[in-house]
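Read through the structure below, which is laid out as structure tokens, and then see the notes.
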Amino acid sequence: MTAPCTRSISTSAATSAESAACETRFAVRDYDLAATLDCGQAFRWKQSNGRWSAVVSGRWVELWRDAKYIFARTAAPQSDWRWLENYLQLPVDLAAVLATFPDDEPMRRAAAACRGLRLLRQEPWECLASFILSSTKQIVQIRQIVATLCARHGSSALSLGEPAFAFPTPAQIAALNEDRLRECKMGFRAPNLLTAARLIDSGKLDLGGIPELELAEARARLVALRGVGPKIADCVLLFGFGFPTAFPVDVWVVKALRRFYFRNRRVSLPKLRQFSATHFGPHGGYAQQYLFHSIRRDERKNFRPAPARL
DNA sequence: ATCCAGGTCGGTC
DNA sequence: GACCGACATGGA
Numbered sequence: 218m219t220a221p222c223t224r225s226i227s228t229s230a231a232t233s234a235e236s237a238a239c240e241t242r243f244a245v246r247d248y249d250l251a252a253t254l255d256c257g258q259a260f261r262w263k264q265s266n267g268r269w270s271a272v273v274s275g276r277w278v279e280l281w282r283d284a285k286y287i288f289a290r291t292a293a294p295q296s297d298w299r300w301l302e303n304y305l306q307l308p309v310d311l312a313a314v315l316a317t318f319p320d321d322e323p324m325r326r327a328a329a330a331c332r333g334l335r336l337l338r339q340e341p342w343e344c345l346a347s348f349i350l351s352s353t354k355q356i357v358q359i360r361q362i363v364a365t366l367c368a369r370h371g372s373s374a375l376s377l378g379e380p381a382f383a384f385p386t387p388a389q390i391a392a393l394n395e396d397r398l399r400e401c402k403m404g405f406r407a408p409n410l411l412t413a414a415r416l417i418d419s420g421k422l423d424l425g426g427i428p429e430l431e432l433a434e435a436r437a438r439l440v441a442l443r444g445v446g447p448k449i450a451d452c453v454l455l456f457g458f459g460f461p462t463a464f465p466v467d468v469w470v471v472k473a474l475r476r477f478y479f480r481n482r483r484v485s486l487p488k489l490r491q492f493s494a495t496h497f498g499p500h501g502g503y504a505q506q507y508l509f510h511s512i513r514r515d516e517r518k519n520f521r522p523a524p525a526r527l
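Going by my numbering, the final residue of the first sequence carries number 527, and the count climbs one at a time with no gaps.
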């Protein structure tokens with residue numbers, strides 16, 4: 218698909234890491250990189266002067282855009298970029314996805330308000346672990362917990378800027394104990410992460426088999442984990458495994474569904490789940506992310522920070 | 001200060 | 001089923 222390295226970076230002053238650095242670009246349309254990386258589906262991306270960096274499946278990578286392209290560079294040489302094309306879901310025809318959304322006013326507005334928003338395809342274990350850590354936490358805090366966990370317990374990754382760390386493997390976490398995990402500020406979620414890591418590390422839970430299952434069965438496997446209910450399970454199924462109709466219903470989506478489809482009436486969570494499972498079509502998961510992103514942005518638009526004090 | 005955050009769990013009625 | 005409080009931690 219893409220040439221391995223369109224440009225290899227090498228200068229006389231380059232360190233050994235820099236001389237192996239690798240850069241490429243992808244022509245894209247309808248791809249809002251910033252919204253996609255920052256909308257609460259992934260928790261590792263940091264922005265610094267217009268560029269986004271993270272560690273994806275153990276590889277440090279930096280991304281940036283111009284009008285036509287997404288540019289990427291890594292610290293290590295790449296023989297191909299399929300891992301990144303897959304992560305960013307570059308081949309997805311967004312217009313075709315949007316065309317399956319229900320033709321109603323809320324979805325038309327959400328699609329118009331979030332033009333270019335995409336779903337990523339994340340590494341399943343990292344996705345599961347991250348969302349185990351997400352319950353009743355704000356997105357900024359989830360990022361902080363995940364960053365601490367990676368810095369303390371993940372393997373270091375070759376990078377060009379700040380030191381970077383891979384997400385800890387199940388084995389790396391399984392080798393810890395609850396107190397070590399609590400030191401990463403994850404509170405009561407620590408034992409949940411620990412038992413999930415140990416089940417996977419011991420082979421008692423095989424995430425690799427999940428994609429072969431029907432949605433309901435896959436969901437049942439995940440919900441069997443302590444600390445994983447229907448919402449977190451659907452996040453993992455959608456963002457990690459790509460089940461297109463997985464539909465995470467969190468507090469924001471509840472708010473959006475009630476406001477847009479039930480005239481702000483009190484509707485029980487099971488009823489909202491039932492509605493969402495049938496109303497949003499073959500790419501319901503995508504529709505969910507558009508609702509989530511648009512209502513969060515609307516609410517924040519009304520928020521005005523207090524003027525800075527001197 | 002008080003409420004709430006990309007929830008889940010184990011109780012109640 | 002529906003409703004409730006506990007669970008850690010820190011932003012707003």
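Glycine is no exception: its CB is placed at the ideal position from the N, C-alpha and C atoms. Quick caveat: nothing in here was measured; it's all calculated off a predicted structure.
Within the same chain, show all residues whose beta-carbon is closer than 7 Å to that of residue i, passing over the 5 residues directly before and after it, in chain order.
i: R521; result: Low confidence applies to R521: its pLDDT is 49, below 50, so where it sits in the model is not reliable enough to give any reading.
i: P528; result: As shown, the chain starts at 218 and ends at 527. That puts residue 528 outside it, with no answer to give.
i: I512; result: W469, K472, A473
i: L508; result: A327, V470, A473
i: D515; result: none
i: H370; result: P385, Q389, I390, L393
i: L398; result: A407, L410, L411
i: R360; result: F260
i: T317; result: G498, P499, H500
i: I356; result: G257
Determine the contact status of residue i and residue j, defining contact as a CB-CB distance below 8 Å.
i: C272; j: A368; result: The residue asked about is misnamed: residue 272 is Val in this sequence, not Cys. No. Outside cutoff.
i: G459; j: R338; result: yes
i: A391; j: D418; result: yes
i: S347; j: V363; result: yes
i: A450; j: L439; result: yes
i: D396; j: G333; result: no
i: G501; j: T462; result: yes
i: C222; j: E240; result: yes
i: I287; j: V245; result: yes
i: V453; j: P380; result: no
i: A383; j: C331; result: no
i: L430; j: L336; result: no
Could you compute how far the alpha carbon of residue i sits from the alpha carbon of residue j?
i: L377; j: W277; result: 8 Å
i: N409; j: L474; result: 29 Å
i: F405; j: P465; result: 22 Å
i: L345; j: A259; result: 11 Å
i: R415; j: L366; result: 16 Å
i: A329; j: P323; result: 10 Å
i: C401; j: E343; result: 16 Å
i: A437; j: S270; result: 34 Å
i: R490; j: A237; result: 49 Å
i: A293; j: D320; result: 46 Å
i: R282; j: L301; result: 15 Å
i: S274; j: S296; result: 15 Å
i: A284; j: D247; result: 11 Å
i: K354; j: R299; result: 33 Å
i: R290; j: W262; result: 14 Å
i: N266; j: S372; result: 26 Å
i: H510; j: P387; result: 30 Å
i: N303; j: Q264; result: 21 Å
i: L280; j: L254; result: 10 Å
i: A312; j: R482; result: 33 Å
Quick check on residue i: does DSSP put it in helix, strand or coil?
i: V484; result: coil
i: W262; result: coil
i: V245; result: coil
i: Y507; result: helix
i: T291; result: strand
i: F382; result: strand
i: V278; result: strand
i: C344; result: helix
i: V273; result: strand
i: C452; result: helix
i: A374; result: strand
i: G268; result: At residue 268 the sequence reads Arg, which differs from the Gly that was named. It is a strand residue.
i: C367; result: helix
i: E516; result: helix
Excluding the five sequence neighbours on either side, which residues of its own chain have a C-beta within less than 8 Å of the C-beta of residue i, listed in chain order?
i: S493; result: F464, V466, V470, L474, G501, Q505
i: R526; result: Residue confidence is low: R526 scores 33 on pLDDT, short of 50, so the model does not pin down where it sits. Its coordinate-derived value is still stated next. Answer for R526: no residue qualifies.
Give every residue of the same chain whose Cβ lies closer than 6 Å to the Cβ of residue i, excluding the five residues on either side of it in the sequence, and list them in chain order.
i: R242; result: Y286, F288
i: F477; result: P323
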